[in-house]
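Enquirer: Sending over a structure as structure tokens; questions will come in a sec.
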Amino acid sequence: MVYIVALIVITLDQWIKWLVNTHLTVGTGYTIWEGILQILYVRNTGAAFSLLLNDQIFLILVAAVVAMVIVIVDRKFAKGQRGLQVTLGLLLGGALGNLIDRVWHGYVIDYIYLTFIRFPVFNLADSSIVIALFILVLRSWRKKQNVSSPGE
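Residues in the sequence shown are numbered from 0 upward in steps of one, following numbering that gives the first Met the number 0.
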């Protein structure tokens, strides 16, 4: 399940990036939903949300290590746990989606711009990573709540 979800994320992410790269020029975009959402072509040399700008080798190594850790966690801990497998798939797909861009282009193609808030442009891979991390934190918090509840 991890690899199916990761493949879906990578495929969608790379397809959208191809569309953006093919049909837009850097810095241009178009409005999807006035005042809410715009597709805006940005080349990001940093990590998610433009962190660690211009440190490609480090970011490639981090993505590769994250991918290896996800594979190990999947094999050792995620057997029979669909929710965890889907979450790991989102994380792996996001990490590899951006890794492909870094290796292929030397930057990540970002395109989702929420015009109603001041927030960096991002992409589907970034979103998958953030959603996966949110789910992992929530799962961890819920487990701690369940462990501490019986003893009260």
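Don't be surprised by glycine CBs; every beta carbon is placed ideally from N, CA and C.
With distances taken from CA atoms, which of V136, V4, L113 and K75 is nearest G28?
Expert: The residue you call residue 28 lines up with position 29 of the sequence shown. Answer by Cα proximity: L113.
Enquirer: Starting from the Cα of N20, find the closest Cα among S127, W103 and I116 and give me that residue.
Expert: Taking the sequence shown and counting its residues from 1, one reaches residue 20 at position 21. The shortest Cα separation from N20 among S127, W103 and I116 belongs to W103.
Enquirer: Does the stretch 68-76 come within contact of the stretch 7-21, defined as at least 3 CB pairs closer than 8 Å?
Expert: no
Enquirer: Helix, strand or coil: how does DSSP classify T30 here?
Expert: As a working note, residue 30 is residue 31 in the sequence shown. Looking at T30 - three-state DSSP - the assignment turns out to be strand.
Enquirer: Between which residues of its own chain and L0 is the CB-CB distance below 7 Å, once the five residues before and five after are set aside?
Expert: As a working mapping, residue 0 is identified with position 1 in the sequence shown. Per the sequence presented here, residue 0 reads as Met, with Leu not at that position. Contacts found: R81, Q84, V85 and G88.
Enquirer: In three-state DSSP terms, what is V41?
Expert: Position 42 of the sequence shown, counted from the start, is the residue given in the question as residue 41. In the structure shown, V41 sits in a strand (DSSP, three-state: E or B).
Enquirer: Let's see if you can read the secondary structure: which residues bound the beta strand (DSSP E) around A108?
Expert: Translated into positions along the sequence shown, residue 108 becomes position 109. Position check: residue 108 holds Ile in this sequence, whereas Ala was assumed. Start and end: V107 to L113.
Enquirer: Let me know if A139 comes out buried or exposed under the rule of 16 or more other beta-carbons within 10 Å of its beta-carbon.
Expert: Taking the sequence shown and counting its residues from 1, the one referred to as residue 139 is at position 140. Per the sequence presented here, residue 139 reads as Ser, with Ala not at that position. Around the Cβ of S139, a 10 Å sphere holds fewer than 16 other Cβ atoms; the residue is exposed.
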